[in-house]
Every structure is written in C-alpha cells, then in structure tokens.
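Here's the structure, in structure tokens; my notes come after.
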Amino acid sequence: MEHFLQGCKAALQIMKSAAFHPMKCRILPTVKANLNKPSAVEFHVVLGNEACDLDSTVSAIALAYFLSKTSPSKNLEYVPVLNIPRQDFPLRTESTFLLKEHGISEEHLTFRDEIDLASLYESGQLVLTLVDHNVLPSSDSFMEDVVASVIDHHTLERKPTPSCRVTSQLVGSCATLVAERIFCGAPNILDLQLASLLHGTIVLDCVNMATVAGKVTPKDSEYVTLLENIFPDLPPRTAVFNSLQKAKFDVSDLTTEQMLRKDMKTLMSRDICLAISAIYISLEDFLHRINVESDLRVFCDKHGYNVLITMAITFSSENEPVRQIAVYSPHQEHRTLVCKVLEQATNPPLDLSPIASNPCENLAAYHQGKTTASRKKVLPLLKDFLRKRDLGDSSSNSMQPFQDNEKNKGHVGGGAPLANEGLEDNQFIVEFGDQFDNPDNCVGEEPRAARFYYGFKKQTDDGAEDENSFPPTPMNSLVEGCPLDRGLPKLTAEDILERFSQIAALDSEDKTTSGKK
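Here UniProt numbering is used: the first residue of the sequence shown is 1, the next is one more, and so on.
Right, dumping it as structure tokens:
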C-alpha cells in the first residue's frame, strides 16, 4: 500500500514538472518502482466527499489500490484524492490515528489542493470515480461527464447514464461496499494492513456493530465477519471502536485554531458574523493555553468573525455531562449583547454562572447549569436574536423565547428568514466528534447503552437529527415507499451528548425507585 501511495505522489510530481518543463520530462529520475514505465496518459482519480471523514478517506484509498491492481490498462494512473486541503487533515483525528496505526504516512497522501483536476479535465487526462457521495458539488459540476463510476451509500441523486457504473446500497459504511468490490474482484490483494483499514472503518461507522444503534445492516456484519475470519489477528471490535472513539476527541496535538475549526458552525447577520465552536476539553484548560487570547483574536481576524462562542463539553468522573460556554469579542457592544441573550434565555434556560478564573480580557466565561441545552438548542436563540437585530427590533437587546410553530415553520425564530439563510449553518466539520468518548459508549451488553441507542433511534425516527449533517443520510434505491427511505440515522456529537444526559436521568430515576422499595 505504501509503495502504491508513494507512486501516486511521484506520478503527480512528474506531471507537474512536465507541465512546467516539458523538455525535461523524459529525463526525470524514476523515484518509485511502479513508475518504471511511460508516463500515464490519464489519471483515474478516486475522489472522496468534502467531509473527508474516515469512511470517505479509507474508501478512496482502498478502492484506488484495488483498481490499480486489477486494471488491464497501462496508461492509467489511479490516484486516491482526499477532498480537503492538506492543512485541514489534522482535524480528522480518527483518520490520522487509524492511518498512522497501520503504517500509512500522511506525507504519502494526496489532497485536493495538491492536484489540478480542472487542468487534467481540460487536457482530456481525467477520469473520476466518486466514493461516499454520488454527485459532484456545483463547483465541480463541469467534470460530471468524466465520472465513470460511483460507490456510495447515500441518497442516490445522480441520473443514470450508460457511461457511469453506479453501486448504491443502503449500508452503514461505504467501506462495506468497497470491501465487497475487493472480495468479488481480487481478494488476493487483501493483506492485514488493508483489512485493518476496512474493518476499523466499518466498525466505527456501524457503532461497534450494535443493532440498537440503527446503523448496521446485514451486509456490514457479513463483511466485518469475513475480514475477521480471514485475518484472525485483527483486534477485537470493541477495542477498535474504543480506540477510534478516543481518537476522535484527542485534541492534544491540535493548535487553538484547529481545535476551534474541528466542530464549528457560523451565523451571519447584517453586522455580526458569529462562530460557534464545540470543544472537548474544559474551558479552564482551554483558556489557560499559552497565548490563547492572541490566538482567538488572530482566528477571528483571519476568518472575519466578530463574535466567537465556544461551547465546552466534557464528562465528570461519574460520566455526567459538564457544559461550559464562553463568548469572545474584541467589540464590547457585541460581546455584551450576545452575553445578555444567553444569560436571559428562557427557552431553554441555560442557567449560566460566571467562571472566576478567566484570564482573558475580551471574553466572558460561564458554567452552564442546563446540561441538556446543546448547541443545536442554543443556535435558534442566536438566530432569533440576529434576525431581530437585522430588522431593527429593539427587543433584540433582550432575549425573547424562541418560538417554532407550524405557521412559521422553516423560518428562523418563527419570523422571516435571515437574509443570509443559506450561509447560516456553514460547518467546517460535521463528521468529526460525532460520538463522545465515554466508557459506556461502547454498545455491548451494557443496559444503559441499549437504552441510550433506543432513545436515539426514536429521536431520529421522529426527524430530530442535527440540521446540517454531512454526508447526507444514506439511502438505498429500494422499492418506492420502503420504510427505510428516510435513511439511516446520522450520529452527531450533540445527539450523543443529549442521550447521555437522558441516561443519567434514567439512572437517577432507577436509584430513586430502588430506594423507595
């Protein structure tokens, strides 16, 4: 696998050199064994989705490797491309962990900002395969005519064409469909390294293969079991799941900017651009990072935010959720207004109390007593405030309860939509931090976990998923009207945290009942 990825990088480098120095192309050294052949006339790029989560990353790498081993063409260079800039990859902590764990160096990967797809397309040298999505975004739609194949587990949005082979099926992980392709086409290419990547990805996506989570399908189970039977040295599923879950929330190697961008949403109004970041360490630890206030100022200046809200989510030693919230702005008026909105919120009340040890001058920090008030519940409060401020409503200086009735459904705060409604929920990463690391989060025989996932499944069945989940909810091209047409539930950090809060409440009730008996 490493030689394959190194060869991809080397081939791209030769292509770039040829573009700038066409006369020197023939005398460039052959730096990798698989380049001891004439330069490839076409690049077959296996392109993951824009979320670039673990499923997308491993699916792209594994499928490109399979195609390179089975293609009869000598004039195609198969290249897996991760659909984000290289600088964003450290935010995908579970991906960096799994690849490093199995000997794949980040330097051998190819990212979207390292390959000029437009130039390859214009020169007639590009073929595309899409994994973990089935249509190109509008910015890339000009390349639709070179999409030769698709492997995906999301809602099928592309129209069928004779030139594009589509594999679309409702499964918990796209890696399951890639594993199926490999087993059916060239099982001999599987080794422990490739099997570990596929196995870990499927186990994580399918929530440790727990049926109560509503993610796993028979096909996912079939290929995980098949991999385990062929490679008995694969670690136990629970160990794999726990290590990947832990990696999702390991921010020890992230800079302040990376930590803020890891799980962030933005809201925009006439004069306020507000970012809301979820972080997974305590505010005390975060605010005592070296030069943190300078980092916050640089971050806001760089990205154009004049207000930054940080929502910290941790767990106590008793596995009780702990929430804290901070409001940063160098503009005192904006900071005061947003703090007032949060302090006076009634639906839901946040029950805020100031944090004494706050070293930052332009920041207000609070303990949040209402631990069930997730970011998903705080967002409507802020949207309503910004909408009223844009409309010149003097009441926007004091928070009114957020109303969401059927008459005004679809509009922020029960009124007119924001002028920038299409931008209100921009999210740098949505797949990252989906499930909070917690000893009881591993589904097995633990009864609290079972109750948790049944509760979560009911919520998603009622249509209460996070509003901007990416990738889209998986769906299969089954018979019309199938009860699964709404897709598999997408587990998000906020949903998981809310379910833990409910678990704690159930435990408290159980203990009270037992005490009375």
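Cβ coordinates follow ideal geometry from the N, Cα and C atoms, glycine included. This structure is a prediction, so every number in the text was calculated from the model and none was measured.
* Asked: Does the stretch 196–204 come within contact of the stretch 140–153, defined as at least 3 CB pairs closer than 8 Å?
  -> Verdict: no, contact absent.
* **CB-CB length for Arg-80 against Phe-111, believed under 8 Å** => Taking the first residue of the sequence shown as position 1, residue 80 is located at position 80. Taking the first residue of the sequence shown as position 1, residue 111 is located at position 111. Checking the sequence, you will find Pro at residue 80 rather than Arg. Not confirmed; about 10 Å, so no contact.
* **Reference Leu-283, options Leu-337, Leu-47 and Val-322, closest by Cα** => Looking up residue 283 in the sequence shown gives position 283. When each option's Cα is compared against that of Leu-283, the closest is Val-322.
* alpha helix (DSSP H) containing Leu-381: first to last residue? -> Numbered from its first residue, the sequence shown carries residue 381 at position 381. 375–390 is the span of the alpha helix (DSSP H), which, as asked, contains Leu-381.
* Asked: Pick from Leu-350, Leu-244, Ala-365 and Pro-349: whose alpha carbon is nearest that of Ala-356?
  -> Residue numbering aside, residue 356 sits at position 356 when the sequence shown is read from its first letter. Ranking the options by Cα distance to Ala-356, first place goes to Ala-365.
* So what does DSSP say about Met-1, is it helix, strand or coil? -> Against the sequence shown, residue 1 aligns to sequence position 1. DSSP places Met-1 in coil when its eight states are reduced to three.
* Asked: Going by alpha carbons, who is nearest to Ala-121 out of His-44, Asn-242, Met-1 and Met-311?
  -> Here residue 121 refers to the residue found at position 121 of the sequence shown. First, the amino acid is wrong: residue 121 is Tyr here, not Ala. Of His-44, Asn-242, Met-1 and Met-311, the residue nearest in Cα terms is His-44.
* To do: Give the straight-line distance between the Cα atoms of Ala-175 and Glu-361, rounded to the nearest whole angstrom.
  => By 1-based counting over the sequence shown, the position of residue 175 is 175. By 1-based counting over the sequence shown, the position of residue 361 is 361. Between Ala-175 and Glu-361, the C-alpha separation is close to 48 Å.
* **Under the three-state DSSP convention, the category Phe-231 falls into** => Numbered from its first residue, the sequence shown carries residue 231 at position 231. It is coil, neither helix nor strand.
* Asked: Quick one, which of Arg-375, Ala-275, Lys-376 and Leu-352 has its alpha-carbon nearest His-303's?
  -> In the sequence shown, residue 303 corresponds to position 303, counting from 1. Closest option to His-303, Cα to Cα, is Ala-275.
* To do: Return the first residue and the last residue of the alpha helix (DSSP H) that Ala-195 is part of.
  => To locate residue 195, count along the sequence shown from 1; it is residue 195. Element bounds for Ala-195: 192–205.
* State the Cα-Cα distance for the pair Leu-267 and Leu-260, rounded to the nearest angstrom. => As a first step, residue 267 is located in the sequence shown; it is residue number 267 there, counting from the start. As a first step, residue 260 is located in the sequence shown; it is residue number 260 there, counting from the start. Going by the C-alpha atoms only, they are around 15 Å apart.
* **Euclidean distance between Cα positions of His-331 and Tyr-305** => The residue labelled residue 331 in the question sits at position 331 within the sequence shown. The residue labelled residue 305 in the question sits at position 305 within the sequence shown. His-331 and Tyr-305 have their alpha carbons spaced roughly 11 Å apart.
* Where the beta strand (DSSP E) containing Lys-248 begins and where it ends -> What you label residue 248 is simply residue 248 of the sequence shown in a count that begins at 1. Not the beta strand (DSSP E): Lys-248 falls in the alpha helix (DSSP H), residues 237–248.
* Asked: Can at least three beta-carbon pairs, one atom from the stretch 177–188 and one from the stretch 217–232, be found at a separation below 8 Å?
  -> yes
* Asked: Within 10 angstroms of its Cβ, does Pro-380 collect 16 or more other Cβ (buried), or is it exposed?
  -> On the sequence shown, position 380 is the one that residue 380 refers to. By the beta-carbon neighbour count (other beta carbons within 10 angstroms, threshold 16), Pro-380 is buried.
* Tell me the start and end of each unbroken beta strand (DSSP E) in the stretch 70–98 that is at least 3 residues and wholly inside, in chain order. => 76–81
* Quick one: which unbroken beta strand (DSSP E) runs of 3-plus residues sit fully inside the UniProt domain "DHHA2" (241–386)? Chain order, please. => 264–268, 273–279, 307–315, 321–328, 352–354 and 363–368
* Asked: Just the Cα atoms here: how many angstroms apart are Asn-438 and Val-171?
  -> Here residue 438 refers to the residue found at position 438 of the sequence shown. Here residue 171 refers to the residue found at position 171 of the sequence shown. For Asn-438, the pLDDT reaches just 33, beneath the cut-off of 50, and the residue's location in the model is therefore unreliable, although a value from the coordinates is still provided. If you take the alpha carbons of Asn-438 and Val-171, they lie about 25 Å apart.
* **Buried or exposed by the 16-neighbour rule on C-beta atoms within 10 Å, applied to Ile-61** => The count along the sequence shown starts at 1 and reaches residue 61 at position 61. Buried.
* Asked: Straight-line CA distance for residue 518 to Val-298?
  -> Absent from the model: residue 518. The displayed extent of the chain is 1 to 517, so no value can be given.
* **Limits of the unbroken beta strand (DSSP E) element including Arg-165** => For this step, residue 165 is matched to residue 165 along the sequence shown. First-last of the beta strand (DSSP E) with Arg-165: 165–168.
* Report the three-state DSSP secondary structure of Asp-132 (helix, strand or coil). => Taking the first residue of the sequence shown as 1, we reach residue 132 at position 132. Coil.
* Asked: Quick one: what does DSSP say Ser-149 is sitting in, helix, strand or coil?
  -> Here residue 149 is taken as the residue at index 149 of the sequence shown, counted from 1. Strand.
* **Span of the beta strand (DSSP E) around Val-178** => Your numbering for residue 178 matches position 178 in the sequence shown. Where Val-178 is concerned, there is no enclosing beta strand (DSSP E), although the alpha helix (DSSP H) it sits in stretches over 174–185.
* To do: Along the alpha helix (DSSP H) that carries Leu-117, what are the first and last residues, could you check?
  => In the sequence shown, counting from the first residue as 1, residue 117 sits at position 117. In the DSSP annotation of this structure, the continuous segment of the alpha helix (DSSP H) that includes Leu-117 starts and ends at 117–122.
* **Whole-angstrom C-beta distance between Arg-181 and Phe-66, which should lie under 8 Å** => Taking the first residue of the sequence shown as 1, we reach residue 66 at position 66. Taking the first residue of the sequence shown as 1, we reach residue 181 at position 181. Contact holds; Cβ gap of about 6 Å.
* **Residues bridged to His-44 (per DSSP)** => For this step, residue 44 is matched to residue 44 along the sequence shown. Bridge partners of His-44 according to DSSP: Tyr-78 and Val-127.
* Name the one or two DSSP bridge partners that Asp-111 has. => In the sequence shown, residue 111 corresponds to position 111, counting from 1. Residue 111 is actually Phe in this sequence, not Asp. Answer is Leu-82.
* Pull up the CB-CB distance for Leu-204 and Phe-249, whole angstroms please, since I reckon it's below 8 Å. => Mapped onto the sequence shown, residue 204 falls at position 204. Mapped onto the sequence shown, residue 249 falls at position 249. About 13 Å; that fails the 8 Å criterion.
* Contact under 8 Å by Cβ, Ala-11 with Glu-77 -> As a position in the sequence shown, residue 11 is number 11, starting the count at 1. As a position in the sequence shown, residue 77 is number 77, starting the count at 1. Their beta carbons are under 8 Å apart, which means Ala-11 touches Glu-77 by this criterion.
* Asked: Taking the alpha-carbon positions, what's the Glu-343 to Val-327 distance?
  -> To locate residue 343, count along the sequence shown from 1; it is residue 343. To locate residue 327, count along the sequence shown from 1; it is residue 327. Those two C-alpha atoms are separated by around 11 Å.
* Spatial neighbours of Pro-359 within its chain, please: CB distance less than 7 Å, with the 5 preceding and 5 following residues excluded, ordered by chain position. => The count along the sequence shown starts at 1 and reaches residue 359 at position 359. Correct list, in chain order: Leu-287 and His-288.
* Backbone CA spacing between Glu-101 and Thr-93 [nearest angstrom] -> Start at 1 with the first residue of the sequence shown, and residue 101 comes out as number 101. Start at 1 with the first residue of the sequence shown, and residue 93 comes out as number 93. Cα-Cα distance, rounded: 12 Å.
* Assign Asp-140 to one of three DSSP states: helix, strand, or coil. => Mapped onto the sequence shown, residue 140 falls at position 140. If DSSP states are grouped into helix, strand and coil, Asp-140 belongs with the helices.
* What's the gap between the Cα of Leu-382 and the Cα of Arg-165? -> The sequence position of residue 382 within the sequence shown is 382, counting from 1. The sequence position of residue 165 within the sequence shown is 165, counting from 1. Rounded to the nearest angstrom, the two C-alpha atoms are 45 Å apart.
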